[in-house]
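Student: Structure below; questions to follow.
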Amino acid sequence: MGTYRVMRQDDNGNRFLVAEDLDRAEARRLAAEFEARGHKQMYWVEADGPDRPEPADGTVRNA
485 MGTYRVMRQD
495 DNGNRFLVAE
505 DLDRAEARRL
515 AAEFEARGHK
525 QMYWVEADGP
535 DRPEPADGTV
545 RNA
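Every position in the sequence shown, counted from 1, becomes a number in the numbering used here once 484 is added.
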């Protein structure tokens, strides 16, 4: 079982690491908590680690 991280994208398209080394349930809970705050930023969960594949077209996807 791998670990997951929570990422954030701001209004200018900049991406930031919010938290890492989480289990999937905790990462989803944290992302949902930030989303519920109603800010304009977008939060998502992705697999953690160097072997994580990047989307070819640059889109953001949830784990």
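In this text, a Cβ means the ideal position worked out from N, Cα and C, and glycines have one as well.
1) Applying the criterion that 16 or more other CB atoms from any shown protein chain within 10 Å of the CB defines a buried residue, is E517 buried or exposed?
2) Below 7 angstroms, is the gap between the Cβ of L501 and the nearest heavy atom of the ligand MG?
3) Is G486 closer than 8 angstroms to G522 when the C-beta atoms are compared?
4) In whole angstroms, give me the CA-to-CA distance for G542 and F500.
5) Roughly how many angstroms separate the alpha carbons of E530 and R489, rounded to a whole number?
Tutor: In this structure, then:
1) Counted from its first residue, the sequence shown places residue 517 at position 33. With fewer than 16 other Cβ atoms from the protein chains shown falling within 10 Å of its own Cβ, E517 counts as exposed.
2) With respect to the ligand MG, the structure offers nothing, as it holds no ligand at all.
3) Start at 1 with the first residue of the sequence shown, and residue 522 comes out as number 38. Start at 1 with the first residue of the sequence shown, and residue 486 comes out as number 2. Contact: no.
4) Working through the sequence shown from its first residue, we reach residue 542 at position 58. Working through the sequence shown from its first residue, we reach residue 500 at position 16. Residue placement at G542 is poorly supported in this model, since its pLDDT is 47, which falls under 50; the coordinates are not used for a value here.
5) Counting from 1 along the sequence shown, the entry for residue 530 is found at position 46. Counting from 1 along the sequence shown, the entry for residue 489 is found at position 5. One C-alpha to the other measures close to 6 angstroms.
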